[in-house]
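Structure first, commentary second.
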């Protein structure tokens, strides 16, 4: 059963940027939520928000590869591709190995049709050019062309993983934009959405004032007067 | 005399993507044909296909640099730039050193005029912005501005080299697109072209079915029924 | 008081490319002026030219972070953002640490309004997507979202620094384009501007000839006859 | 219940070197069994042989660290230290993070008393100098002094892991000496022990002949005559 | 005037190990005090304890090197070597550049005679073999043979620096042993000495019990009963 | 035919340290002669001096590996092991790939018997522990256990190579000690031997004075008076 994220939390987060979410979590005491080295492949794709369907991998061994190719072992890759649900984000721990591709434009196409929210892997993908045209947010570390079983073996779905140096538990909320990807602990998603959205609006207000020539010293980070002015405008 | 590639092989390969070629070679037992870390500079350029004119380099030593600048030693760089022929790909082993530029927009311009197929170096180039506008496929690891003799010394042309961690023999067929570059052993080029082109068409068929909502489990990788349907459509 | 750069030097340098400047300095005996790993965030932004306002940082320690957040220590970050003057380039030594962001779109917006020439950091920035739209040249090593005090502590403004492996003294002239950033010793700026501009024009002449099919062997690097022809055309 | 390894397999493997085991597995089709970057801390310690008790970790998150320190979550670290049995090797996946120490001389001392066979981690340990004196084989990537919960969170014991880029399943046989560590699939341990021991003795024979001046061309790798002579001597 | 460290603090710290100091500081809220990648060259040397005389460097530029070699600029290297006082530790920020040597056996010899406490550099040194025999603690990242001015330029003495990723202020107390080096903020040195020494003795007590077969679960980390027994023995 | 080095040059160089040789070459204008990352395996072995027998390698391809194992292609590895002559140093370019071993204790034993001067590879070797006991100087980047053909293919013997980032031509003189390895251009060997030996003796004199308490400021680097005193003592 796919992980669930309340629509109204998703909506609020979709209006936020990754830096606002990361800054908000930092103020709440969480210092390590931004995935390192994981970059957007399709800059034009919309903001990605969704709960994590996780995939855990280890280096492959020749007997495992043979068992998979001979059909003697179940392919968790195939199962994950079939089961990642609408609104979910598939997140794969690939340990930074970019010599092999988790997936390419075919899976991306199928996920787009199915309504999957996005794909994140701290490893490689293939068909970058084709993926850019599909419109599904895909985040990866590099380009590869070998099948995934050339280097990695999937040992579990929906287990806790590390991805880009960040802890991700199944159901945690992933958010991605042009800056990269951050992971929000599920229990904090509502609070983070509120605070980050507030921050997003405050920053938009500050940016507008800066564009009009307000001095940066009082405008950003906003001092008490700037915040009060923002609150007043907002309330009004 | 430039290395030769039969037109009809070139034509078929030009219709393939790098991932299709790499997957095909993997199935034929070749696991290491995709150059690591070598990226396209001109994303808008056409697919690159051509036989390799290779260039072997080592770290430079001060007496070699002096001999070159004083005209006491032949510049193999100059010779390579003059002799790389129409349809060929100049491939330079630079050992990942990105502090120096093999070439820039001037050589790229001359090669474009001459009909050279492309340029590949696991090192640096300069004038990235200008190269993007020329329309010749150039693949490199980074941006540099120093003349090549600041760091590297060319010791041989058309010798076997390693580039991006891949073995390349003179005449091997290089193919490059937005995903990067792969090297095809010359003796396999015809077979690879056939198989990769088949794969390309099969994948296009699968992608179309996925876009129409076919389930990924049977569609990709395609099961027997999907392949049969593809064959039928193709034959009909 | 902001560092000053004579308008007519700035004008000439703005007509040059970074590779021309780096090659010129190399011929003058300066081998290490191109910043490694520092990339443009806003490819569409104009060429950046301006004297360096430098910022020196070290790893942060928890007592320093507390003192800053409690207002017991002066924030040099705030002061630098207020004091970087029109026409200057803010250059920050971040030692390649990309886990934290020196600044984001807010400061970029304020600098754009103020007429600052650009921003360079061998570390991270946030809000990449927003920065791309502002039109101020920003050069960095990566994307981050944490506040700067999460990892770095500013110890001095306008002290000598290293950035991207290059020595930069306050007032040195930074030039940046799509290739990256180079640092010109202030005392050499006038001479470099002359020579690089000459080189720029000579290369444009050579490129035009190459486009018309001139042989690369005599055209680039230009031999005596090509230079003479260029001089003649120029003089005429 | 601790993993078991038959005494007579253990005895034979203890007489082998890691290179002999790795070469033997390579000939059997296993190319990736030698852990990269994991070095012996106590060169004087005996050869390590034993089945793997595995420990899986991910990056830690602040709420997990708090739950552990407040006793609200079970410490798998404590459990692993209590339960690793006589003859076993504790193997921890730390993803190459050397900023934190899995353990130090205290745990090493307790393991030595208990008869644990050894410790392997692709991360850090502390008290290197003290560990060297204890006599238990410990293999790690570096020196650290922070408690393990500063960076890593243990999510499972006796699950499949990757360590030093190699797949390790619970019960797989780890062998370590001055060269480093290799992992033998449990089902192959008997066969590997036989073949590696044969190879060990053949190489000792070849080495003796080389020391007496035999030509390397026929002696190593041994040609048919050399192997026959070895077999004859051995049989006699 | 050399930085001073009270004898009785120095004495207590000399009885501690680096891991005890790092753990103590971690409990006091300081997470980043252990220098990364800086290794002891002379394992047999005594524990190093002393206040930091710091040296700040940037990449060198050809005009600075010329000025130094022609005597037109003061050599801060020479001054630092002359002025580092008895009991002090010379700490140099070299930014991880190991291609050049800060010093070798000559300076080490002079410092040994003068009573300098030790040398730390996150860069290279030369004459490793000779340094090992001198008996002065030296910590570095690698071996180099080029003179320091080949790559680095010293811009300040006794300014705040980063070394091995750790903030070091002039006068901070450096401690080094076989595990590596840690930096103690000067204002905390007394408190750290007390707590680390207590910890050192407690761990020695636990280790002794572990050697006698006490169960690790209650002995280390020590539970209340173990601590009480330690306190009783100590008091008695 | 083996490369030759005059005995009296060899004798003088054997009395020098690597840092003295590197400093001497630096003063002669050669900045890049010290191999990066190549470490001694047998610290107790004597100083290594000898002309280079070079070995050039590229990444292997599966068809080459098959041809070698089926005897359809000549093994240059075997030839090199047979032909490296007494007094020579075998130097292999392995491009920093440490996953495979060029050789192990068997070849080292044969070379010791034959009187080969040493072995240098910027890649891996196996049987470290055994090599340490043989007494032949071996320099490498790491430990590996796979046969060399698992990753590398030898394409030429006695061609120019890069090793550890340094240019090495066949016959160039390699010198190695506990600090690492340097390459001396053959044509400079005599001059370097003279100058480095002088420097060696001068430094020994300075060191002795430093041990007796002479001030470092005038003693090292030695001022005119110190040099004069050295010359006087030497002459007398």
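Residue numbers (this note's numbering), protein chains in the order written: chain G, 1 to 236; chain Z, 1001 to 1236; chain X, 2001 to 2236; chain V, 3001 to 3236; chain A, 4001 to 4236; chain W, 5001 to 5236.
Note that CB positions come from ideal geometry on N, CA and C, so glycine has one too.
If you're wondering where the values come from, they're calculated on a predicted model, not measured in any experiment.
Nonlocal neighbours in the same chain, by C-beta distance under 8 Å from residue 3194 of chain V, ignoring five residues either side | 3012
Residue 38 of chain G Cβ short of 7 Å to the ligand COA heavy atom set | As for the ligand COA, it is missing from this structure, which has no ligand bound.
Is residue 2069 of chain X close to chain G, meaning its C-beta is less than 8 Å from at least one C-beta of that chain?
-> no
Verify the CB distance criterion: does residue 4217 of chain A have a CB-CB separation below 8 Å to chain V?
-> Yes, contact with chain V.
Residue-chain proximity (residue 2075 of chain X, chain Z), Cβ-Cβ < 8 Å | no
Taking the alpha-carbon positions, what's the residue 3026 of chain V to residue 3047 of chain V distance?
-> 21 Å
Option in W/5173, W/5232, W/5185 with minimal Cα separation from residue 5010 of chain W = Distances from the alpha-carbon of residue 5010 of chain W to those of W/5173, W/5232, W/5185 put W/5173 closest.
Taking Cβ positions only, does residue 5063 of chain W come closer than 8 Å to chain Z?
-> yes
Got a sec: which bits of the region 1192 to 1218 of chain Z sit with their beta carbon under 7 Å from any beta carbon on chain G, in order along the chain?
-> 1203, 1206, 1207, 1210, 1211, 1213, 1216, 1217
Do we get a CB-CB distance below 8 Å when we pair residue 3126 of chain V with the residues of chain A?
-> yes
Where do the N-terminal and C-terminal ends of the beta strand (DSSP E) with residue 1155 of chain Z fall, by residue?
-> 1152 to 1157
Can you list, in chain order, the stretches of the alpha helix (DSSP H) that have 4 or more residues and sit fully within the region 3008 to 3072 of chain V?
-> 3018 to 3027, 3062 to 3069
So is residue 178 of chain G in contact with chain X if we call contact Cβ pairs under 8 Å?
-> yes
Beta carbon proximity, residue 5182 of chain W to chain A, threshold 8 Å | yes
Which residues in the same chain as residue 49 of chain G place their Cβ atom closer than 6 Å to its Cβ, once the five residues preceding and following it in sequence are excluded?
-> Around residue 49 of chain G: 10, 13, 14, 175.
Does the region 153 to 164 of chain G come close enough to the region 90 to 98 of chain G to have 3 or more Cβ pairs within less than 8 Å?
-> yes
Touching or not, the region 2198 to 2213 of chain X and the region 3049 to 3062 of chain V, by the rule of three or more beta carbon pairs under 8 Å?
-> Judged by Cβ distances under 8 Å, the region 2198 to 2213 of chain X makes no contact with the region 3049 to 3062 of chain V, as fewer than three pairs qualify.
Three-way DSSP call (helix, strand, coil) for residue 5194 of chain W in this model = helix
Validate contact between the region 3071 to 3083 of chain V and the region 3118 to 3137 of chain V using beta carbons, cut 8 Å, 3 pairs = no
Taking just the CA atoms, how far does residue 2147 of chain X sit from residue 3200 of chain V?
-> Straight-line Cα distance between these residues: approximately 58 Å.
Buried versus exposed, by CB contacts within 10 Å (16 or more), residue 1114 of chain Z = buried
Close-in-space but distant-in-sequence residues of the same chain around residue 233 of chain G (CB under 8 Å, 5 per side omitted) | 205
Would you mind reading off the limits of the alpha helix (DSSP H) that contains residue 1133 of chain Z?
-> 1128 to 1134
Short CB-CB distance (under 8 Å) between residue 3220 of chain V and chain W = Chain W has a Cβ within less than 8 Å of the Cβ of residue 3220 of chain V.
Determine the DSSP secondary structure at residue 4101 of chain A, reduced to helix, strand or coil.
-> Looking at residue 4101 of chain A - three-state DSSP - the assignment turns out to be strand.
Using DSSP with H/G/I as helix, E/B as strand and the rest coil, what is residue 1182 of chain Z?
-> strand
Taking all protein chains shown into account, do 16 or more other C-beta atoms lie within 10 angstroms of the C-beta of residue 2023 of chain X, making it buried, or fewer, making it exposed?
-> With 16 or more other Cβ atoms inside 10 Å of its own Cβ, residue 2023 of chain X counts as buried.
Which of helix, strand or coil DSSP assigns to residue 4005 of chain A = coil
Residues sharing a beta bridge with residue 5119 of chain W, DSSP = Residue pairing from DSSP places residue 5119 of chain W in a beta bridge opposite W/5090, W/5138.
Bridge-paired residues (DSSP) for residue 4125 of chain A = A/4143
Chain Z residues whose Cβ lies nearer than 7 Å to that of residue 5160 of chain W | 1058, 1155
Can you find a CB in chain V that lies within less than 8 Å of the CB of residue 166 of chain G?
-> yes
To the nearest angstrom, how far is it from the Cα of residue 225 of chain G to the Cα of residue 231 of chain G?
-> Inter-residue distance for residue 225 of chain G and residue 231 of chain G is about 10 Å (C-alpha atoms, whole angstroms).
C-alpha distance - residue 2180 of chain X paired with residue 2033 of chain X, whole-angstrom precision = Straight-line Cα distance between these residues: approximately 11 Å.
Chain-order list of residues whose beta-carbon lies under 8 Å from that of residue 3216 of chain V (same chain, five-residue window excluded) | 3210
Nearest to residue 5040 of chain W (by Cα), restricted to the options W/5004, W/5123, W/5064, W/5029 = W/5123
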